[in-house]
Amino acid sequence: MWDAFGFEFVNFYLIPGLVLGCIYALGAIGITLTFGILRFANFAHGEMMMMGGYLTWTIMAIVTALFGLTLHPLVAMVPATAVVIFLFLLTDKYFYKPFRKEDTIKVVMASFGMMLIIRSAVQAIWGPNQLKFVSGIAKPNEILRDVSGSIDLMLLVPNKHIWIFLGTIVIVIALSYLLNKTRIGKAMRAVSDSPDLAHVTGIDVDQVIRATWIVGGICAMAAGVFLAMDIQLLETTMGFRMLLPMFAAAILGGIGKPYGAVFGGLVIGLAEELSAYPWIGDTPLLSPGYKTGVAFAIMVIMLIVRPQGLFKGRSF
Amino acid sequence: MTDPILSLNNLKAGYGQTEILHDLSIYVDPNEIVAIIGPNGAGKSTAMKAVLGLLNIREGNVTLNGDDITDTPAAQVVRLGISYVPQTQNVFVNLSVQENLEMGAWTRPEGIPERLAEMYELFPDLAEKRNQAAGSLSGGQRQMVAMAKALMVDAKILLLDEPTAGLSPKYRGEIFATIQKIKSTGVPILIVEQNAKQALGVADRGYVLVDGANRHTGTGAELLADREIARMFLGGGH
Amino acid sequence: MEAYLGYFLYLLSLLTVGGIYALFALGLNVQWGFAGLFNVGIVGFAAVGAYSYALLTTAESTFHLGGFGLPLPFGMFVGMILAAAIAAVIGVICIRLRSDYLAIATIGIAEIIKLVFKNETEITNGPRGINKIPRAWEHFSEERFYSSWPLSWFASPETWESFFDWLPNWWWQPFFAGTVLLVMYVVYRLLERARMSPWGRMMTAIRENEPAARAAGKDVTTRRIEAFVIGAAIMGLAGALFAQHLRLIEPTNTFDSAKVTFLVWVMLICGGSGNNRGAMLGAFLIWTIWSASELVIGGTISLIGNVFQNLDTTILETRAGFLRMMLIGILMQVILQKYPGGILPEVRPASPKADKS
Ligand SMILES: Nc1ncnc2c1ncn2[C@@H]1O[C@H](COP(=O)(O)OP(=O)(O)OP(=O)(O)O)[C@@H](O)[C@H]1O
Ligand SMILES: [Mg+2]
Numbered sequence: 021m022w023d024a025f026g027f028e029f030v031n032f033y034l035i036p037g038l039v040l041g042c043i044y045a046l047g048a049i050g051i052t053l054t055f056g057i058l059r060f061a062n063f064a065h066g067e068m069m070m071m072g073g074y075l076t077w078t079i080m081a082i083v084t085a086l087f088g089l090t091l092h093p094l095v096a097m098v099p100a101t102a103v104v105i106f107l108f109l110l111t112d113k114y115f116y117k118p119f120r121k122e123d124t125i126k127v128v129m130a131s132f133g134m135m136l137i138i139r140s141a142v143q144a145i146w147g148p149n150q151l152k153f154v155s156g157i158a159k160p161n162e163i164l165r166d167v168s169g170s171i172d173l174m175l176l177v178p179n180k181h182i183w184i185f186l187g188t189i190v191i192v193i194a195l196s197y198l199l200n201k202t203r204i205g206k207a208m209r210a211v212s213d214s215p216d217l218a219h220v221t222g223i224d225v226d227q228v229i230r231a232t233w234i235v236g237g238i239c240a241m242a243a244g245v246f247l248a249m250d251i252q253l254l255e256t257t258m259g260f261r262m263l264l265p266m267f268a269a270a271i272l273g274g275i276g277k278p279y280g281a282v283f284g285g286l287v288i289g290l291a292e293e294l295s296a297y298p299w300i301g302d303t304p305l306l307s308p309g310y311k312t313g314v315a316f317a318i319m320v321i322m323l324i325v326r327p328q329g330l331f332k333g334r335s336f
Numbered sequence: 056m057t058d059p060i061l062s063l064n065n066l067k068a069g070y071g072q073t074e075i076l077h078d079l080s081i082y083v084d085p086n087e088i089v090a091i092i093g094p095n096g097a098g099k100s101t102a103m104k105a106v107l108g109l110l111n112i113r114e115g116n117v118t119l120n121g122d123d124i125t126d127t128p129a130a131q132v133v134r135l136g137i138s139y140v141p142q143t144q145n146v147f148v149n150l151s152v153q154e155n156l157e158m159g160a161w162t163r164p165e166g167i168p169e170r171l172a173e174m175y176e177l178f179p180d181l182a183e184k185r186n187q188a189a190g191s192l193s194g195g196q197r198q199m200v201a202m203a204k205a206l207m208v209d210a211k212i213l214l215l216d217e218p219t220a221g222l223s224p225k226y227r228g229e230i231f232a233t234i235q236k237i238k239s240t241g242v243p244i245l246i247v248e249q250n251a252k253q254a255l256g257v258a259d260r261g262y263v264l265v266d267g268a269n270r271h272t273g274t275g276a277e278l279l280a281d282r283e284i285a286r287m288f289l290g291g292g293h
Numbered sequence: 003m004e005a006y007l008g009y010f011l012y013l014l015s016l017l018t019v020g021g022i023y024a025l026f027a028l029g030l031n032v033q034w035g036f037a038g039l040f041n042v043g044i045v046g047f048a049a050v051g052a053y054s055y056a057l058l059t060t061a062e063s064t065f066h067l068g069g070f071g072l073p074l075p076f077g078m079f080v081g082m083i084l085a086a087a088i089a090a091v092i093g094v095i096c097i098r099l100r101s102d103y104l105a106i107a108t109i110g111i112a113e114i115i116k117l118v119f120k121n122e123t124e125i126t127n128g129p130r131g132i133n134k135i136p137r138a139w140e141h142f143s144e145e146r147f148y149s150s151w152p153l154s155w156f157a158s159p160e161t162w163e164s165f166f167d168w169l170p171n172w173w174w175q176p177f178f179a180g181t182v183l184l185v186m187y188v189v190y191r192l193l194e195r196a197r198m199s200p201w202g203r204m205m206t207a208i209r210e211n212e213p214a215a216r217a218a219g220k221d222v223t224t225r226r227i228e229a230f231v232i233g234a235a236i237m238g239l240a241g242a243l244f245a246q247h248l249r250l251i252e253p254t255n256t257f258d259s260a261k262v263t264f265l266v267w268v269m270l271i272c273g274g275s276g277n278n279r280g281a282m283l284g285a286f287l288i289w290t291i292w293s294a295s296e297l298v299i300g301g302t303i304s305l306i307g308n309v310f311q312n313l314d315t316t317i318l319e320t321r322a323g324f325l326r327m328m329l330i331g332i333l334m335q336v337i338l339q340k341y342p343g344g345i346l347p348e349v350r351p352a353s354p355k356a357d358k359s
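And the structure:
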């Protein structure tokens, strides 16, 4: 059973699906928080993720040039995160905040403009061509392979995927601690619940908004670096490619619901990978070229049947 | 003569271009319950929003203890000691009761656990529901959460917008009893009410608001005795 | 003389492409300016118009489906109808929801459309694209056109052949530019009439105060879907003209959302959303800036290359293009914040009462 069917399914479809799902989930957290708290769909989110990948690459390159060391992306990511958070706060201050009291669609438009500005900036600085993020072939983790192999359930999971799983779990746990146990986290939920009431309750909404960008920035950063670690390269379109699946994940999970976004991300990631599995006959169910269409299809179905999402987020 | 705690002086205000309050003056002295009554759409809620700085104020001013607070942003007004319970959507439905109260205490520097305990004493119903989402409570319980949330700070004055709207007589009685309890702790209250009789019963003074301006003013008892007011609001029938 | 001809032809090309962009901007103005619908999938509707036109009008080819060699106006018409049909489907699903959802859905559908054109190689020749798309007027000099109706009525193919050989090779340019501008003008006049009509006034009322319009019994959702569909049809038409102008289309670079969707948005916002003349003005203005800045930057770079002989300027050339895009993005943000009305702000149609007096 495992040999005939499970081995291939788990190692070549299920695990990559989960990896992709983790990346979408992290990205979607930021989108859903901004949507819930600042009330707009942030089109620049994917580009911020992409920018995070490039900054991490730059830090790795600088360290290599100066000290001859190869830094692990997860280490180089830390200073890059600070830069990305700073960029998030800066964009908010100069491009989104001026529209806070106006129709939300103006902010959506501004974020759409930001998307192009950031992408062109990255293209102008780092060039339009792909960059190698991590070189070499990712070999499966040997311990896991041997241990699982000894009970006839051989799992081939490269270290990079293990890092992605662990990183996602850590971030989601930290996020749930923040939202449920800390004062600022509860205030984030409160503002997402009702900004008007938050104002007349005396909550410092500006502070909550800053916290939202910081949390969203950290998640976006992690998502960008995880994606770069997974595909081992950087390209300027990678952020935009993620945008639709992340929106789909946020809508699937219910706007303003971080856990919903995580769940939605996993579902979308799995659906994309599993859509290429030969469920019927020997050929992929859906040509791999259409993988990215899966997220859109799920999103459209959700918009038709249940726009408030599975976890009953805000419905507009 | 001491300054009133809160005073709205000849306000002309509205939403954007539309003017709703044409010439409104209201004041609240220390240790007073003041009731505002009036027909639907008279501008009662709007008057409260004017205090919170949520409105476009064209003329007149609002003072707190003699200081001008016209056009101060809401969050700052709360920090200055004005606690406000809106008419609708006055609790965070996705937060638990306790979290709602904690949010109410946002501007409170310290002593939050003590104040929480006091609130659970004042509203015993809430104590057992403290971990339940506020959205899952009954209307009356929500109203209590909203009041407790507003009382989490050391308010100089409490603004209540129709705290008994849509509640059963039993709950209404409880709320009015609580209001008197709150007054006895030294917090003055400005209350908007549809249940004019009960409101004027507990109020020291009252205002009748019609079309965004004062129509009648007097002590609770005077207004209760007034023929015209009785015909307008108290004649049981409507 | 040669130089003047060069300028003249450059001007014609500015007018042609500017006119096509003006059509896109007019289409967007119906959606955003009239109805307040945020469409960031312009490129998708453009691609549908372009591909339908291309497949229907090209000569039979082994690379893609057809081509069917049908008359050019028919291809343009079908392009419009298909773009409108796709818009109708999205509209029915999303317009009842909040505006952000429409934005997400339109950017999504644009990507899906491009994905289909890229993957369905049997039909569209995939990433290699479709070429030899007939361009209005110039197409007459192709044998399959001059040897058939209507040109064959007037003279024999041989006569036509020598006639076209005799014409300067740019002869079609003024005609094509004129056609684009004519189409633009007709669409403009129609939209102006729509704007002044009760329908247009209703759109304004809805945008101003939706609850009041709903309360007055107006079918807000249907009106919005109508505006969305009409706008998309205009974009489909513009896409068909775009295909004629380019003669070679492929899914990725031709229909780059930055160069189509975004540029059109900048044009509309700059010219003045809600104002049809503003939309056209913005299109010509931004297109002129865009293409002139390309020349200026290109010139500067080759100057630098001449001064520093040993410098490799290719990097500068590619990077400069992105910098230009970035500056256009910043320009849009500035206009959005500082001059939200654009150059020609919206003029409200007079109220019915004022009309009568
Ligand atoms: N946010 C708003 N924007 C514009 N107009 C408003 C707004 N809120 C209320 N109004 C208008 O202001 C007027 C007064 O409303 P307000 O809510 O103050 O009445 P009220 O006296 O509190 O009535 P009720 O007893 O029904 O609560 C009404 O005509 C209402 O339509
Ligand atoms: Mg009211």
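Residue numbers (the numbering used here), protein chains in the order written: chain A, 21 to 336; chain B, 56 to 293; chain C, 3 to 359.
We put the beta carbon where it would ideally sit given N, CA and C, even for glycine.
- Query: Secondary structure at residue 175(B), three-state DSSP: helix, strand or coil?
  - Reply: By 1-based counting over the second sequence, the position of residue 175(B) is 120. DSSP places residue 175(B) in helix when its eight states are reduced to three.
- Message: Let me check understanding here. Comparing Cα to Cα, which of 136(C), 80(C) and 27(C) lies closest to residue 60(C)?
- Response: On the third sequence, position 58 is the one that residue 60(C) refers to. Out of 136(C), 80(C) and 27(C), 136(C) has the C-alpha closest to the C-alpha of residue 60(C).
- Query: For residue 97(B), is the beta carbon positioned less than 6 angstroms from some heavy atom of ligand 1?
  - Reply: Along the second sequence, read from residue 1 onward, the residue named residue 97(B) stands at position 42. Flag set: Cβ of residue 97(B) near ligand 1.
- Query: Going by beta carbon distance, what residues of the same chain come within less than 6 angstroms of residue 336(A), once the five residues before and after it are set aside?
  - Reply: Sequence index remark: in the first sequence, residue 336(A) carries index 316 (1-based). Because residue 336(A) sits at a pLDDT of 42, beneath the cut-off of 50, its placement in the model cannot be relied upon, and the following sentence gives the value as read from the coordinates. Taken in chain order, the list of residues that qualify is empty.
- Query: Between which two residues does the beta strand (DSSP E) harbouring residue 68(B) extend?
  - Reply: For the purposes of this step, residue 68(B) is taken as residue 13 along the second sequence, with counting starting at 1. Residue 68(B) -> beta strand (DSSP E) spans 61-70.
- Item | Beta-ladder partner(s) of residue 139(B), from DSSP | For the purposes of this step, residue 139(B) is taken as the residue at position 84 of the second sequence. Answer is 214(B), bridged to residue 139(B).
- Please classify residue 131(A): is it buried, with 16 or more other beta-carbons within 10 angstroms of its beta-carbon, or exposed? Numbered from 1 along the first sequence, position 111 holds the residue referred to as residue 131(A). Residue 131(A) comes out buried.
- Task: Please go through the same chain and pick out, in chain order, the residues whose beta-carbon is closer than 7 angstroms to the beta-carbon of residue 33(C), but skip the five residues on each side of it.
- Result: Taking the first residue of the third sequence as 1, we reach residue 33(C) at position 31. These residues qualify, in order along the chain: 39, 41, 229, 230 and 233.
- Task: Compare the C-beta of residue 150(B) with all C-beta atoms of chain A and state if any pair is closer than 7 angstroms.
- Result: Residue numbering aside, residue 150(B) sits at position 95 when the second sequence is read from its first letter. Yes, contact with chain A.
- Using the Cα positions of residue 92(A) and residue 277(A), report the straight-line distance between them to the nearest angstrom. Sequence index remark: in the first sequence, residue 92(A) carries index 72 (1-based). Sequence index remark: in the first sequence, residue 277(A) carries index 257 (1-based). Whole-angstrom Cα-Cα distance: 32 angstroms.
- Query: So, does the CB of residue 139(B) fall closer than 7 angstroms to a CB anywhere in chain A?
  - Reply: Taking the second sequence and counting its residues from 1, the one referred to as residue 139(B) is at position 84. Yes, its Cβ sits closer than 7 angstroms to a Cβ of chain A.
- Which value, in whole angstroms, describes the spacing of the CA atoms of residue 11(C) and residue 182(C)? In the third sequence, residue 11(C) corresponds to position 9, counting from 1. In the third sequence, residue 182(C) corresponds to position 180, counting from 1. Approximately 15 angstroms between the Cα atoms of the pair.
- Buried or exposed by the 16-neighbour rule on C-beta atoms within 10 Å, applied to residue 264(C): The residue given as residue 264(C) occupies position 262 in the third sequence. The residue in question, residue 264(C), is buried, as its Cβ has 16 or more Cβ neighbours within 10 Å.
- DSSP state of residue 244(A), grouped into three classes? Counting from one through the first sequence, the residue named residue 244(A) turns up at place 224. It is helical.
- Item | Candidates 294(C), 218(C) and 267(C): closest to residue 284(C) by CA position | One-based indexing of the third sequence puts residue 284(C) at position 282. Selected option, being the one with the closest Cα: 267(C).
- Item | Residue-chain proximity (residue 65(A), chain B), Cβ-Cβ < 7 angstroms | For the purposes of this step, residue 65(A) is identified with residue 45 of the first sequence, where counting begins at 1. False, the Cβ-Cβ gap to chain B never drops below 7 angstroms.
- For residue 33(A), I'd like the list of residues in its chain whose CB is within less than 6 angstroms of its CB, leaving aside the five on either flank, ordered along the chain. The residue you call residue 33(A) lines up with position 13 of the first sequence. Once the five neighbours on either side are set aside, the close Cβ partners of residue 33(A) are 293, 294 and 297.
- Query: Counting only beta-carbon atoms, is residue 338(A) nearer than 7 angstroms to chain B?
  - Reply: For chain A, the structure presents residues 21 to 336; residue 338(A) sits outside this window and is missing.
- Near-chain A residues of the stretch 90-121 of chain B - C-beta to any C-beta below 7 angstroms: 107
- Neighbourhood of residue 179(A) by C-beta, 6 angstroms cutoff - its chain only, sequence neighbours within 5 removed: Your numbering for residue 179(A) matches position 159 in the first sequence. So the list reads 161, once near-sequence residues are dropped.
- Compare the beta carbon distance of residue 82(C) and residue 238(C) with 7 angstroms and say whether it is the shorter of the two. The residue given as residue 82(C) occupies position 80 in the third sequence. The residue given as residue 238(C) occupies position 236 in the third sequence. Their beta carbons are under 7 angstroms apart, which means residue 82(C) touches residue 238(C) by this criterion.
- Query: Can residue 142(B) be considered in contact with ligand 2, in the sense that its beta carbon sits closer than 6 angstroms to one or more heavy atoms?
  - Reply: By one-based count along the second sequence, residue 142(B) stands at place 87. Checking every heavy atom of ligand 2 against the Cβ of residue 142(B), one is found closer than 6 angstroms.
- Among the residues of its own chain, which have a CB less than 7 angstroms from the CB of residue 174(A), if the five just before and after it don't count? Along the first sequence, one-based indexing puts residue 174(A) at 154. Correct list, in chain order: 27, 165 and 168.
- Task: Taking a Cβ distance cut-off of 8 angstroms, strictly less, list which residues of the stretch 207-229 of chain A are near chain B, in chain order.
- Result: 207, 209, 210, 212, 213, 214, 216, 217, 218, 219, 220, 221, 222, 223, 224 and 225
- Message: Rounded to whole angstroms, what is the Cα-Cα separation between residue 65(B) and residue 240(B)?
- Response: In the second sequence, counting from the first residue as 1, residue 65(B) sits at position 10. In the second sequence, counting from the first residue as 1, residue 240(B) sits at position 185. If you take the alpha carbons of residue 65(B) and residue 240(B), they lie about 30 angstroms apart.
- Query: Looking at residue 262(A) and residue 104(A), is the spacing between their C-beta atoms short of 7 angstroms?
  - Reply: In the first sequence, the residue the question calls residue 104(A) occupies position 84. In the first sequence, the residue the question calls residue 262(A) occupies position 242. No, these two residues do not count as a Cβ contact at 7 angstroms.
- Message: Starting from residue 260(B), trace the beta strand (DSSP E) in both directions and tell me its first and last residue.
- Response: Counted from its first residue, the second sequence places residue 260(B) at position 205. From DSSP, the beta strand (DSSP E) with residue 260(B) extends over 260-265.
- Message: What does the Cβ neighbour count give for residue 141(A), buried or exposed, with the cut at 16 atoms within 10 Å?
- Response: Indexing the first sequence from 1 puts residue 141(A) at position 121. It is buried - the Cβ of residue 141(A) has at least 16 other Cβ atoms within 10 Å.
- Task: Return yes when the C-beta of residue 70(B) is under 6 angstroms from any heavy atom of ligand 1, and no when it is not.
- Result: On the second sequence, residue 70(B) is found 15 positions in, with the first residue counted as 1. Yes, ligand 1 has a heavy atom inside 6 angstroms of this Cβ.
- Rank 265(B), 275(B) and 165(B) by C-alpha distance to the C-alpha of residue 287(B) and give the top, closest one. Numbered from its first residue, the second sequence carries residue 287(B) at position 232. It is 265(B) whose Cα lies nearest to the Cα of residue 287(B).
- Item | Reduced DSSP category for residue 73(B) - H, G, I as helix; E, B as strand; rest coil | Locating residue 73(B) in the second sequence gives position 18, counting from the first residue. DSSP places residue 73(B) in strand when its eight states are reduced to three.
- Query: Within 7 angstroms (strictly less), CB to CB, does residue 258(C) reach chain A?
  - Reply: Indexing the third sequence from 1 puts residue 258(C) at position 256. So no, residue 258(C) is outside the interface.
- Message: Buried or exposed for residue 157(C), going by 16 or more other Cβ atoms inside 10 Å?
- Response: Here residue 157(C) refers to the residue found at position 155 of the third sequence. By the 10 Å Cβ count, residue 157(C) comes out exposed.
- Message: Measuring CB atoms only, is the stretch 258-276 of chain B touching the stretch 115-133 of chain B, in the sense that at least three cross pairs come out at less than 8 angstroms?
- Response: no
- Item | Residue nearest to residue 46(C) in terms of C-alpha spacing, selected from 64(C), 333(C), 105(C) and 114(C) | In the third sequence, counting from the first residue as 1, residue 46(C) sits at position 44. Here the closest residue by C-alpha is 114(C).
- In chain order, what residues of the stretch 328-339 of chain C put their CB closer than 7 angstroms to some CB of chain A? 328, 331, 332, 334, 335, 338 and 339
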